[in-house]
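Remarks on the structure that follows.
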C-alpha cells in the first residue's frame with residue numbers, strides 16, 4: 001500500500017471578468033508541490049515548508065486546517081505528515097491559499113483509497129481557505145480541484161459545475177509584486193449596482209458559458225467584460241489600464257483582474273498569442289520599477305494531480 | 001415562382017426567470033397564422049385581420065412597420081399584401097407583437113428567395129416591435145425567429161445566441177385576462193440592485209445556460225430563479241404566489257413571469273407533468289372570477305415556419 005504521495009497543486013484565476021464570485025479557471029504550469037505521508041502517529045503534522053515563510057502549526061496553516069477538517073471525520077489510528085514546496089506567492093491573486101488547502105486533502109484522500117469525491121474534498125478545503133480569506137468560498141478551490149473552468153453555483157450546499165473549455169485557450173498573467181490589503185479590496189466593492197449594469201453582466205456571463213461550450217473564441221472575446229467590479233478594484237493596481245490595453249493590443253481575447261488582484265490575467269487563443277501578450281506586458285512593467293512575475297499557461301483541464 | 005405563402009408565427013416567453021432582458025424561448029402550438037402575398041402594386045398593404053381589433057394602416061400596425069422597414073431597403077417593382085389571423089392576444093405577455101413583426105418579414109423573405117438571414121430579418125422586426133413596446137428590443141423576436149432558447153447578447157449590433165434545449169422540455173403557461181399597463185410594469189423595476197442579488201442572478205444565468213447545454217433538468221430547476229425582477233412585478237399579477245406554488249407543487253422545474261406579465265410560465269420535464277401543472281393552475285384560477293387561458297407546449301426548436 002502507498003504511504004507517500006507527491007502532488008502538484010495548481011494556481012487558479014477566480015472572478016473571471018463578468019463571472020465575479022462564481023467563475024474560475026485552472027493554470028497548468030504554475031503551482032505548488034506537496035508531499036503527503038501516512039505515519040503511525042495520529043494527527044496532522046506539517047514537517048517542511050519551502051518557498052515562503054508560513055506557520056508550521058497545523059491549526060494556523062491553510063493546508064493544515066483543511067487536513068484537520070477531513071481528518072476529524074475519519075476514525076483511523078494513524079496520521080499524516082505534510083511537506084509544502086510553495087511556488088505561488090501568498091497574496092498574489094492566483095489562488096495561493098487554495099492550492100495549499102486543496103493539496104493536503106487531495107493527497108490524504110489518495111492515500112486512503114479515495115473515500116471522498118471532489119466536491120466533498122472541496123468542502124474540507126473551504127475550511128482551510130477560510131483561514132486565509134476570512135470567509136468561506138470556493139472560487140479558487142473549485143478550479144484547482146476539478147480543473148478547467150468551474151462555476152460555483154452555491155456554497156451551502158456546495159454545488160460546482162464543470163464548464164468545458166476550448167482546446168487552444170491560454171492564459172497570460174502578470175503578478176506585480178505589490179500588496180493589496182484584503183480589507184481594501186473589499187472596501188471598494190459597490191454595495192449597490194445599477195440594474196442596467198447588472199443585466200449587461202449577466203448577459204456576458206450567459207454568453208461566456210455558451211462560448212466555452214461551443215469553443216467560440218470570438219464570443220469569448222465579446223463576453224470577457226466586467227462592468228461592475230473592475231472599475232473599482234482596478235484603481236488599486238498600478239498601471240492597470242496600460243497593462244490591460246497592451247494585452248488587448250497584443251491580441252488577447254480579454255483581460256481583467258485575477259481574484260482580488262494584484263495579478264491581472266488575459267485569455268488568448270493559442271500559445272503564440274499568449275507569449276506575444278507576455279512580451280507586451282513585460283515592456284509595460286519593466287519601466288515601472290515594480291518587481292513582477294509573468295506566467296503563460298494553457299488552461300489546465302485536469303486540475304490537481306499526482307506527480308511520479 | 002411562389003407568389004403566396006402561409007406561415008405560423010409562434011408565441012414566445014421572454015425574461016426567462018434569471019435571464020431578465022436577455023433570455024427567451026419559443027412555443028410550439030400557440031401562435032398566429034399569416035398569409036403574405038406578392039402583388040403587382042408597390043408597397044405594403046394589410047388586407048385582412050382576424051382575431052383582434054388592430055389597425056389596417058401599415059404604418060400603425062406592427063407587422064406593417066417591420067414589413068416597411070424591410071421593403072424600404074429593396075429595389076423592386078412589386079409589393080406585398082399581408083393577412084393576419086391573430087390568436088395571441090395583444091398584451092398577454094407571450095410575444096403577440098413579436099409574432100406579427102417577425103411574421104411579415106419572414107414571409108416576404110421567403111417569397112423573395114431568402115436575400116436576408118435571420119439576424120437581418122430580426123433587425124427589421126425590431127422596428128415593428130418598437131411600435132408596440134416603445135423601445136427597441138428583441139427579447140421575443142429572437143426566439144420567434146430562431147426557435148428554442150435564445151440569448152440576445154446585444155442590440156447594436158444585434159447578436160443573438162442560439163442555446164440548445166433538452167428534448168423533453170415543456171412549458172405550461174397561464175394568461176390571466178387582465179391588463180397591466182406597460183408604464184406600470186416599467187415603473188416597478190428597481191433602478192439599483194444589491195451586489196449580492198446581482199451575483200445570485202448571474203450565477204443562475206450561467207448555470208441555466210450550462211444546464212440547457214447539458215440537458216440537466218435538475219440544474220434547470222436549481223437555476224430558474226429571479227431574485228431581482230419577480231419580487232416587484234409579481235405584485236401586479238393577481239394570485240401570483242398561489243399560481244407559482246401550485247405549479248411547483250405539481251412538479252414544474254420552475255415558474256416565473258412571462259415577459260412583463262400578466263402571463264406566468266413554468267418549465268416542466270415531460271408532457272405529463274406539464275399537463276398536471278395545467279390542471280393545478282386551472283383549479284387555482286377557476287375560483288378567482290378572472291378569465292384565463294392555459295397553454296401547454298413543447299419547446300419549439302424550429303421557430304417560425306411555413307405552413308403547407
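Protein chains in written order, with the UniProt record's numbering: chain A, 1 to 308; chain B, 1 to 308.
Even glycine gets a Cβ: it sits at the ideal position worked out from N, Cα and C.
The structure presented is a predicted model; accordingly, all values stated were derived computationally and were not measured.
Closest Cα partner of residue i within the set the options
i                      : options                    : result
residue 163 of chain A : B:210, B:39, B:223, B:216  : B:210
residue 90 of chain A  : A:306, A:261, A:125        : A:261
residue 81 of chain A  : A:4, A:231, A:97           : A:4
residue 143 of chain A : A:76, A:78, A:206, A:31    : A:31
residue 222 of chain B : B:178, B:180, B:267, B:183 : B:267
residue 121 of chain A : A:294, A:133, A:145        : A:145
residue 309 of chain B : B:199, B:172, B:213, B:202 : Shown here, chain B extends from 1 to 308; a query on residue 309 of chain B therefore has no answer.
residue 251 of chain B : B:169, B:42, B:208, B:134  : B:169
residue 218 of chain B : B:39, B:207, B:228         : B:207
residue 315 of chain A : A:123, A:116, A:178        : Nothing about residue 315 of chain A can be read from this structure; chain A reaches only from 1 to 308.
residue 53 of chain B  : B:247, B:109, B:96, B:246  : B:96
residue 13 of chain A  : A:117, A:40, A:141         : A:141
residue 282 of chain A : A:69, A:55, A:176, A:59    : A:176
residue 178 of chain A : A:93, A:220, A:135         : A:93
residue 263 of chain A : A:270, A:271, A:272, A:296 : A:296
residue 240 of chain B : B:21, B:284, B:58          : B:284
residue 42 of chain A  : A:292, A:7, A:79           : A:79
Residue i versus residue j - alpha carbon distance
i                      : j                      : result
residue 174 of chain B : residue 24 of chain A  : 39 Å
residue 9 of chain A   : residue 139 of chain A : 15 Å
residue 167 of chain A : residue 254 of chain A : 17 Å
residue 274 of chain B : residue 242 of chain B : 17 Å
residue 276 of chain A : residue 48 of chain A  : 38 Å
residue 182 of chain A : residue 133 of chain A : 8 Å
residue 73 of chain A  : residue 265 of chain B : 45 Å
residue 77 of chain B  : residue 226 of chain B : 50 Å
residue 44 of chain A  : residue 205 of chain B : 41 Å
residue 116 of chain A : residue 71 of chain A  : 12 Å
residue 154 of chain B : residue 50 of chain A  : 50 Å
residue 233 of chain A : residue 75 of chain A  : 45 Å
residue 318 of chain A : residue 118 of chain A : The structure shown has nothing for residue 318 of chain A, since chain A only spans 1 to 308.
residue 309 of chain B : residue 216 of chain A : One cannot answer for residue 309 of chain B here, as it falls past the ends of chain B, which runs 1 to 308.
residue 228 of chain B : residue 247 of chain B : 20 Å
residue 147 of chain A : residue 192 of chain A : 32 Å
residue 111 of chain A : residue 305 of chain A : 13 Å
residue 60 of chain A  : residue 249 of chain B : 48 Å
residue 109 of chain B : residue 137 of chain B : 21 Å
residue 258 of chain A : residue 230 of chain A : 10 Å
residue 99 of chain B  : residue 194 of chain B : 35 Å
residue 272 of chain B : residue 278 of chain B : 10 Å
residue 308 of chain A : residue 56 of chain A  : 26 Å
Neighbour flag for residue i against chain C, beta carbons, 9 Å
i                      : result
residue 299 of chain A : In summary, chain C is missing from the structure at hand, where the protein chains are A and B.
Residues bridged to residue i [DSSP beta-bridge criterion]
i                      : result
residue 34 of chain B  : B:7, B:84
residue 23 of chain B  : B:151
residue 256 of chain B : B:265
residue 295 of chain B : B:173
residue 12 of chain B  : B:26
residue 159 of chain B : B:154
residue 48 of chain A  : A:83
residue 43 of chain B  : B:79
residue 307 of chain A : A:6
residue 207 of chain B : Per DSSP, none; premise fails for residue 207 of chain B.
residue 192 of chain A : B:194
Cβ-heavy atom distance, residue i to the ligand MG, below 8 Å
i                      : result
residue 104 of chain A : In the structure on display, the ligand MG does not appear, and there are no ligands present to speak of.
Can we say the segment 59-78 of chain A touches the segment 95-113 of chain A, given the rule of at least three CB pairs closer than 8 Å? Yes, they touch.
Between the segment 284-294 of chain B and the segment 4-20 of chain B, do at least 3 Cβ pairs fall closer than 8 Å? Touching, no.
At a CB distance below 9 Å, what residues from the segment 98-113 of chain B approach chain A? Give them in sequence order. Listed in chain order, the positions of the segment 98-113 of chain B with a beta carbon within less than 9 Å of a beta carbon of chain A would be empty, since no residue qualifies.
For the segment 183-213 of chain B, which residues have a CB atom closer than 7 Å to at least one CB atom of chain A, in sequence order? Cβ contacts with chain A come from 189, 190, 191, 192, 193, 194, 195, 198, 199, 201, 202, 203, 205, 206, 207, 209, 210, 213.
Tell me whether the segment 26-35 of chain A and the segment 298-306 of chain A touch, counting them as touching only if at least three CB pairs, one residue from each stretch, are closer than 8 Å. Result yes; three or more Cβ-Cβ pairs closer than 8 Å.
By the 9 Å beta-carbon criterion, what residues does the segment 11-41 of chain B contribute toward chain A? The segment 11-41 of chain B vs chain A, Cβ under 9 Å: 18, 19, 20, 21, 22, 23.
Below 8 Å between beta carbons is the criterion; list the residues of the segment 225-239 of chain A that meet it against any residue of chain B, in chain order. From the segment 225-239 of chain A, only 228 have a Cβ closer than 8 Å to chain B.
Pairs of beta-carbons, one from the segment 185-192 of chain B and one from the segment 114-128 of chain A, closer than 8 Å: are there three or more? Touching, no, given that fewer than three Cβ pairs across the two stretches are closer than 8 Å.
Decide yes or no for the touch test of the segment 70-88 of chain B against the segment 35-55 of chain B: beta carbon pairs closer than 8 Å, at least 3 of them. Below 8 Å, enough C-beta pairs join the segment 70-88 of chain B and the segment 35-55 of chain B to call them touching: three or more.
If the cut-off is 7 Å on Cβ atoms, which residues from the segment 136-153 of chain A count as contacting chain B, listed in chain order? Hits within the stretch, in order: 151, 153.
Check whether the segment 142-159 of chain A and the segment 153-163 of chain B are in contact - that is, three or more C-beta pairs closer than 8 Å. No, they do not touch.
Could you run through the segment 157-171 of chain A and flag, in chain order, every residue whose CB is less than 8 Å away from some CB of chain B? In summary, the residues of the segment 157-171 of chain A whose CB is separated from some CB of chain B by less than 8 Å are 159, 161, 163, in the order they occur in the chain.
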